[in-house]
Structures are given as structure tokens and as C-alpha cells.
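To start, the structure itself, in C-alpha cells.
Number of protein chains: 2
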Amino acid sequence: MSAKLIKGTDIREEILEEVTKEVAELKEKTGKVPGLVTILVGENPASVSYVTLKIKTAHRVGFTEIQDNQSPDISEEDLLALIDKYNNDDTINGILVQLPLPKHIDDKKILNAIDPDKDVDGFHPVNVGRLMIGGDEVKFAPCTPAGIQEMIVRAGVETSGAEVVVVGRSNIVGKPIANMMVQKGPGANSTVTIVHTRTKDLAAHCKRADILIVAAGVPGLVKPEWIKPGACVIDVGVNRVGTKISEKTGKEVAVLRGDVDFDAAKEIAGSITPVPGGVGPMTITMLMVNTLKSFKFANGLM
Amino acid sequence: MSAKLIKGTDIREEILEEVTKEVAELKEKTGKVPGLVTILVGENPASVSYVTLKIKTAHRVGFTEIQDNQSPDISEEDLLALIDKYNNDDTINGILVQLPLPKHIDDKKILNAIDPDKDVDGFHPVNVGRLMIGGDEVKFAPCTPAGIQEMIVRAGVETSGAEVVVVGRSNIVGKPIANMMVQKGPGANSTVTIVHTRTKDLAAHCKRADILIVAAGVPGLVKPEWIKPGACVIDVGVNRVGTKISEKTGKEVAVLRGDVDFDAAKEIAGSITPVPGGVGPMTITMLMVNTLKSFKFANGLM
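Here the protein sequences come in this chain order: E and L.
The working numbering applies: residue 8 is where the first sequence begins, and numbers increase by one.
The working numbering applies: residue 8 is where the second sequence begins, and numbers increase by one.
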């Protein structure tokens with residue numbers, strides 16, 4: 008194996024320690040800590056496990072955390088009132104509404120009701136706009152793209168003038184990371200191409216990339232011969248391709264595979280993220296970073 | 008000369024005729040017409056001439072138009088109150104604040120005070136966000152990029168799967184047109200690359216482009232050998248490179264030159280916009296299209 012492994016699990020620990028330290032310092036200085044609320048409607052098992060992990064992480068770094076679980080029967084009106092309550096609560100810096108919501112509730116209406124200055128997920132149109140405008144305008148980058156940029160920077164990969172190719176044009180990964188990497192400033196200043204299902208020669212584009220970011224949702228899409236020797240490869244794909252019995256727990260667990268043919272790619276790339284343990288752990292980590300940022304904005308410390 | 012000329016002056020006439028016709032039909036149907044207000048603070052000569060042209064065009068297509076000129080001494084508070092008045096005026100569908108504003112007024116604060124649903128310039132963060140999210144979310148695309156897309160489509164150039172290279176990463180042209188061309192849907196679905204001052208090999212990127220959109224502000228930056236034979240070349244540059252005596256009026260006028268070496272490029276490109284008379288006339292044209300759209304949204308006709 009020639010490529011350096013960019014381990015999200017390690018970078019997560021680094022960042023969470025930094026956040027914990029800063030929260031402790033801010034508590035000493037201001038007497039306050041950041042507050043995060045998660046709103047979960049119903050009991051979808053995947054949602055429950057996500058929310059639990061978010062709350063556990065918030066607790067670990069020293070935030071005040073509220074897990075606000077609501078009945079699946081809650082009306083849209085009541086859910087809007089709940090969001091309004093947290094919008095007006097000074098002790099809350101981040102509001103997360105766990106998706107999916109029940110069918111009688113309009114997702115978009117709910118998400119757009121969150122105060123953009125507490126939208127630590129970064130999906131409110133105002134925050135999407137700020138992200139594209141760039142510079143001082145940016146408040147919260149969405150968590151997965153923010154995690155990708157952080158991994159590239161912490162891996163010591165030069166981004167200025169680098170050829171970045173983003174595979175996939177989703178609103179949660181492809182488009183935001185492309186907009187982030189093209190901006191002026193550190194960790195960016197790249198020449199950026201977005202390729203997608205309509206692109207004629209995917210392989211040729213990937214082959215040009217100094218930094219290849221793959222968020223296509225197609226297991227093993229990127230072949231080793233598509234990778235430029237020495238490139239930094241960020242694999243955002245988490246595809247369930249089967250099940251296996253866990254050696255640790257003896258239980259059946261999903262077999263996960265990325266969008267990149269990892270075993271072959273690692274012999275060509277200069278650095279590469281594994282799946283699992285790559286980009287995955289960064290999302291909740293950056294949620295903590297965003298919530299801390301929100302606290303600092305709200306208290307005039309940023 | 009081999010390239011087809013894409014004349015903004017001709018496309019402007021086509022579109023303004025379409026708008027005029029639709030406004031007349033809507034007037035018959037609803038008894039109402041779209042309303043546009045321009046707010047001009049002070050008497051900067053360039054601003055006066057822009058505003059005059061906008062108002063003249065609005066009048067031509069049958070809109071109600073208000074030219075609201077304010078003293079350069081107006082306070083920020085009073086200007087905000089004025090915008091609020093128009094935000095709450097149902098007969099107004101588009102609000103334009105002509106820049107630059109006097110130094111004692113915060114541009115950003117003023118522009119962000121415009122109701123996003125009347126922001127026909129498309130620069131409010133909410134509209135920038137909607138543009139990047141794409142699909143049904145989009146309300147107003149900013150006028151120059153919207154004009155560029157319209158020219159490409161009306162010139163009959165295939166965009167789906169096309170290699171689009173955008174030179175320049177400004178918030179008024181480069182970044183929005185890149186975001187527009189990569190979206191799913193007609194007139195888009197392109198593979199998009201943004202290149203800029205930090206890009207290592209500008210020439211090689213331009214040479215790959217089926218559609219080359221140049222908004223760099225550097226006269227003659229793009230050389231003929233950078234152009235792929237048959238490509239569609241959109242030159243957004245309007246650079247004053249000297250003055251001359253107008254044959255028509257006998258007065259001294261600016262000599263304008265685009266970012267593309269036009270005389271040589273037109274022998275290689277498949278289609279190309281001239282400077283002047285190319286992209287320039289499209290901006291005010293698309294302002295009319297956006298104001299009409301805003302009227303239709305406000306009246307439940309879209």
C-alpha cells in the first residue's frame with residue numbers, strides 16, 4: 008500500500024478534543040456553554056440512533072444538549088411553534104430537525120422555519136446562499152462538505168491551484184463542496200469541475216484530479232485507472248452491499264463499500280479515505296464545530 | 008468568418024416582444040400589470056443612465072414603473088423604511104436599489120432588506136441559495152447569468168453533457184452561471200469547470216470547452232488557440248481600452264473590448280457573442296423577465 012490513509016476516526020478525535028478545550032475556556036470566560044437541541048418526530052430506528060449519537064457527542068464536548076422527542080402525530084403547526092420556541096431561546100445555538108418527518112408534515116416548511124443563525128446543518132437557503140457568496144458572508148458550511156474540506160487540509164494536501172474533480176451534484180455534498188473549494192482563501196482556491204450522470208467522459212475527468220471527491224452513491228464506480236498517481240481521494244460513498252457477522256459482537260451487520268475501488272486505488276493514490284472510518288465520522292464532528300461557531304457568533308466572540 | 012454571431016441586441020428584441028405580449032395578455036386577464044421600482048440615491052452619472060434605461064425598458068414592455076430618486080443625504084434608516092414601504096406594496100413586484108450607495112450607508116444591509124420575493128436582481132442570499140439548490144426552488148436567477156443561459160439556449164447550442172468552462176469566479180457572473188449550468192433540467196445538465204487566477208493551465212481548460220463563458224475582466228485574455236473548433240464562446244467582458252470619436256454623434260466614446268480576442272476567435276468558434284452587442288443588452292432584458300416572473304408568482308400564475 009502506497010497511499011497515506013486519511014482516517015476520519017482519528018481526525019474526529021483531534022477536532023472533538025479541540026472543541027472540548029475551547030468550550031471549557033469559553034465557559035470560564037463567559038459562564039455559558041453552547042446549546043444544541045435535536046428534534047425527533049416518531050421513532051424511526053435509524054433516526055433514533057443518529058440523534059442519540061449527536062446528543063452523546065454534544066455531551067462529550069461539554070455542550071448543553073436537549074433531546075426533544077415528539078409524537079409522530081404532532082401537527083405541522085405545533086412543530087413550527089416548537090421551532091419558534093427554540094429560535095427565541097438564547098441558550099440554544101443549534102437546532103436540528105431529524106429527517107425524515109411524517110408524511111403530513113412539509114419538510115421544507117419546517118427546515119426553512121429554523122433561524123438561519125441557528126441552522127447548524129447549513130441547509131437553509133440563506134446559508135446555502137452565504138456559502139456560494141463566500142468570504143465573510145459564510146456562517147455554516149453543511150457538515151459533510153465541511154468535514155471533507157477539513158480532512159483535505161489536515162492531511163496536508165495543497166488546495167490552491169489544485170485540480171479538484173467532484174463526482175456527483177447533490178445538494179448535500181457535490182454542489183456545496185464544489186462551491187467551497189473554488190472560493191478564495193485557505194483550504195480552497197482550487198480549479199473545480201463537477202461531473203455527474205450526464206458527463207461524457209467521467210474517467211478522463213477523474214484522471215486529471217489532484218483531489219478527487221466522489222459522492223455518487225455507486226459502489227466501486229471509480230476504477231484504479233481513473234486515479235492520477237499521487238492524488239488525494241476522498242470517498243463519500245457509503246453503500247450497503249451485503250451483510251456479515253461482526254467478529255466483535257457476533258451480530259449481523261451491514262457490509263459497507265465506498266464509491267471507489269479502495270483496495271486497488273490505495274496503490275495509486277497519494278492519500279485516500281477508507282470506507283467506513285473515512286468521511287462518515289466527520290459529519291457529526293462538524294455539527295459540533297458549527298454549534299460552537301454559532302455560540303461564538305451569538306456572543307460576539309467571532 | 009465561420010462563427011455564427013450570437014447577437015444580444017437581436018435576442019433582446021425577441022425577448023422584450025415576448026414579455027410585452029405576455030404583459031398585455033395578463034393585463035386583460037387580471038386587470039393588473041407588473042410594477043418595478045428603481046431606487047437611486049444621489050446623481051452618479053453612470054447610475055442615472057442605467058436607471059433611466061431600466062425605467063425606459065420597463066415602460067416599453069408595459070410595466071408600471073417608479074423612478075424613486077433620493078437625496079445623497081438620505082439616512083440608512085430612511086432608506087430602509089423606503090424599502091419596507093415597497094416590500095409591502097402589492098403593486099410592486101420588483102425592487103432595484105442602484106449601486107453604488109453613498110459611504111454612510113451599508114450596501115449589504117440595504118440589499119438584504121429587500122423582500123427576496125421582490126429581489127429581481129437575484130443577489131439576496133436567499134435567492135443565491137435557491138439558485139444553488141436548483142429545481143423548483145429557484146425564483147430569480149441573477150440577470151447577467153440568466154441572460155447568458157438564454158443566449159446559449161436560443162442559439163440552439165446543446166448544453167446536456169456539454170463541457171462548460173467558466174473563466175472567472177465572481178458572485179455576479181462566474182459562480183452563478185456555473186451553478187446554473189450544472190443543474191438538472193433543460194438549458195443545463197452540463198459538466199462544469201470554473202477556472203480563475205489560481206488555475207495552473209487556463210489554456211488547456213479553455214481548449215476542452217464546448218461552451219466557453221469568459222467573465223475575467225481582462226481584455227483579450229482568451230487567445231484563438233485556446234478555443235476548441237466549433238465551440239460556443241460567450242464573452243462577458245466589457246473592457247474600456249481607449250476612446251474614439253463616434254461616427255454617428257461626433258462625440259468621444261469609449262472603445263470596448265471583450266475578454267476574448269474576437270477577430271481571431273470568430274474564425275475558430277462555432278458561435279460567438281460580439282462586444283459590444285453581445286451579453287451586455289441581456290442584463291436589463293432579464294430584469295424584465297424576472298419582474299414578470301415575480302408578478303406571476305405574486306398572483307398565483309406560476
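Think of the CB as a built atom: it goes at the ideal place given N, C-alpha and C, for glycine as much as any other residue.
Residue i (DSSP reduced to helix, strand or coil)
{"i": "D80 of chain E", "result": "coil"}
{"i": "E165 of chain E", "result": "coil"}
{"i": "G42 of chain E", "result": "strand"}
{"i": "D184 of chain E", "result": "Note that residue 184 of chain E is Ile in the sequence shown here, rather than Asp. Helix at I184 of chain E."}
{"i": "L308 of chain E", "result": "coil"}
{"i": "I73 of chain L", "result": "strand"}
{"i": "V160 of chain L", "result": "helix"}
{"i": "T290 of chain E", "result": "helix"}
{"i": "P261 of chain L", "result": "It should be pointed out that residue 261 of chain L corresponds to Ala in this sequence rather than to Pro. Looking at A261 of chain L - three-state DSSP - the assignment turns out to be strand."}
{"i": "E25 of chain E", "result": "helix"}
{"i": "E232 of chain L", "result": "helix"}
{"i": "L209 of chain L", "result": "helix"}
{"i": "E274 of chain L", "result": "coil"}
{"i": "R247 of chain L", "result": "strand"}
{"i": "K303 of chain L", "result": "helix"}
{"i": "E170 of chain E", "result": "strand"}
{"i": "V127 of chain E", "result": "coil"}
{"i": "D242 of chain L", "result": "strand"}
{"i": "L219 of chain E", "result": "strand"}
{"i": "L108 of chain E", "result": "coil"}
Nearest neighbour of residue i, chosen from the options [CA to CA]
{"i": "T206 of chain E", "options": "L:K191, L:K207, L:A153 and L:K115", "result": "L:K191"}
{"i": "I62 of chain L", "options": "L:N51, L:S54 and L:Q74", "result": "L:Q74"}
{"i": "I90 of chain E", "options": "E:T45, E:E24 and E:I179", "result": "E:T45"}
{"i": "M188 of chain E", "options": "E:R215, E:I155 and E:I252", "result": "E:I155"}
{"i": "V135 of chain E", "options": "E:D113, E:S177, E:K110 and E:M158", "result": "E:S177"}
{"i": "L12 of chain L", "options": "L:G129, L:L33 and L:C239", "result": "L:C239"}
{"i": "P109 of chain E", "options": "E:S82, E:G129 and E:K34", "result": "E:S82"}
{"i": "N246 of chain E", "options": "E:D268, E:H203, E:L87 and E:D17", "result": "E:D268"}
{"i": "T204 of chain E", "options": "E:G224, E:G101, E:M158 and E:T166", "result": "E:G224"}
{"i": "G15 of chain L", "options": "L:F304, L:G257 and L:R161", "result": "L:R161"}
{"i": "E50 of chain E", "options": "E:L106, E:K92 and E:A65", "result": "E:L106"}
{"i": "I218 of chain L", "options": "L:V58, L:E165 and L:K273", "result": "L:E165"}
{"i": "D143 of chain E", "options": "L:D124, L:P132 and L:F147", "result": "L:P132"}
{"i": "K303 of chain E", "options": "E:T27, E:L33, E:Q77 and E:K116", "result": "E:L33"}
{"i": "A305 of chain E", "options": "E:I22, E:T37 and E:K28", "result": "E:T37"}
{"i": "M158 of chain E", "options": "E:N297, E:S301 and E:E21", "result": "E:E21"}
{"i": "V179 of chain L", "options": "L:Y93, L:E84 and L:A222", "result": "In the sequence as displayed, the identity of residue 179 of chain L is Ile instead of Val. Ranking L:Y93, L:E84 and L:A222 by Cα distance to I179 of chain L puts L:A222 first."}
Close-in-space but distant-in-sequence residues of the same chain around residue i (CB under 8 Å, 5 per side omitted)
{"i": "V30 of chain E", "result": "V40, P41, V68, G69, F70 and L299"}
{"i": "G168 of chain E", "result": "N196, S197 and T198"}
{"i": "T250 of chain L", "result": "E259, V260, A261 and V262"}
{"i": "S182 of chain L", "result": "Residue 182 of chain L is actually Lys in this sequence, not Ser. These residues qualify, in order along the chain: R176 and I201."}
{"i": "P231 of chain E", "result": "D268, A271, A272, E274 and I275"}
{"i": "A312 of chain E", "result": "The structure shown has nothing for residue 312 of chain E, since chain E only spans 8 to 309."}
{"i": "P283 of chain E", "result": "V245 and L263"}
{"i": "L23 of chain E", "result": "T64, R67, V68, T292 and M295"}
Other residues of its chain near residue i: CB distance less than 7 Å, five sequence neighbours each side excluded
{"i": "R19 of chain E", "result": "P288, M289 and T292"}
{"i": "T236 of chain L", "result": "Thr is not the amino acid found at residue 236 of chain L; the sequence shown has Pro there. Once the five neighbours on either side are set aside, the close Cβ partners of P236 of chain L are I275."}
{"i": "W233 of chain L", "result": "A210, C213 and K214"}
{"i": "F130 of chain E", "result": "L118 and P149"}
Straight-line Cα distance separating residue j from residue i
{"i": "V262 of chain E", "j": "D97 of chain E", "result": "43 Å"}
{"i": "E25 of chain L", "j": "V243 of chain L", "result": "24 Å"}
{"i": "G277 of chain L", "j": "P193 of chain E", "result": "38 Å"}
{"i": "G265 of chain E", "j": "A211 of chain L", "result": "31 Å"}
{"i": "E122 of chain L", "j": "T200 of chain L", "result": "With the sequence shown as reference, residue 122 of chain L is identified as Asp, and Glu is not the correct amino acid for it. Those two C-alpha atoms are separated by around 32 Å."}
{"i": "P152 of chain E", "j": "V173 of chain E", "result": "11 Å"}
{"i": "I294 of chain L", "j": "A271 of chain E", "result": "The amino acid occupying residue 294 of chain L in the given sequence is Leu; Ile does not appear at that position. In a straight line, the C-alpha of L294 of chain L is about 52 Å away from that of A271 of chain E."}
{"i": "V248 of chain L", "j": "L308 of chain E", "result": "46 Å"}
{"i": "V48 of chain E", "j": "A65 of chain E", "result": "20 Å"}
{"i": "P226 of chain L", "j": "V127 of chain L", "result": "29 Å"}
{"i": "E254 of chain E", "j": "D208 of chain E", "result": "41 Å"}
{"i": "P79 of chain E", "j": "L86 of chain E", "result": "11 Å"}
{"i": "V55 of chain L", "j": "N95 of chain E", "result": "43 Å"}
Neighbourhood of residue i by C-beta distance below 6 Å, restricted to the same chain and skipping five residues each side
{"i": "M349 of chain E", "result": "Since the displayed chain E opens at 8 and closes at 309, residue 349 of chain E lies outside it and no answer follows."}
{"i": "T280 of chain L", "result": "I13, I241, D242 and V286"}
{"i": "V145 of chain E", "result": "R137 and L138"}
Near the ligand ADP: residue i beta-carbon under 7 Å from a heavy atom
{"i": "I112 of chain L", "result": "The ligand ADP is absent from the structure shown, which contains no ligands of any kind."}
* If contact means a Cβ-Cβ distance below 8 Å, which residues of the stretch 116-150 of chain L contact chain E? -> H131, P132, V133, N134, V135, G136, R137, L138, M139, I140, G141 and E144
* Closer than 7 Å, Cβ to any Cβ of chain B: which residues of the stretch 159-176 of chain L, in chain order? -> This model lacks chain B altogether, as its protein chains are E and L.
* **Residues, ordered as in the chain, of the stretch 199-210 of chain E that lie near chain L by beta-carbon distance below 8 Å** => V199, T200, I201, V202, H203, R205, T206 and K207
* To do: Please name the residues in the stretch 188-199 of chain L whose beta-carbon is closer than 7 Å to at least one beta-carbon of chain E, in chain order.
  => V189, N196, T198 and V199
* Could you please tell me which residues of the stretch 212-231 of chain L, in chain order, have their CB closer than 8 Å to any CB of chain E? => H212
* Note down, in chain order, all residues in the stretch 71-83 of chain L with a beta-carbon under 7 Å from any beta-carbon belonging to chain E. => none
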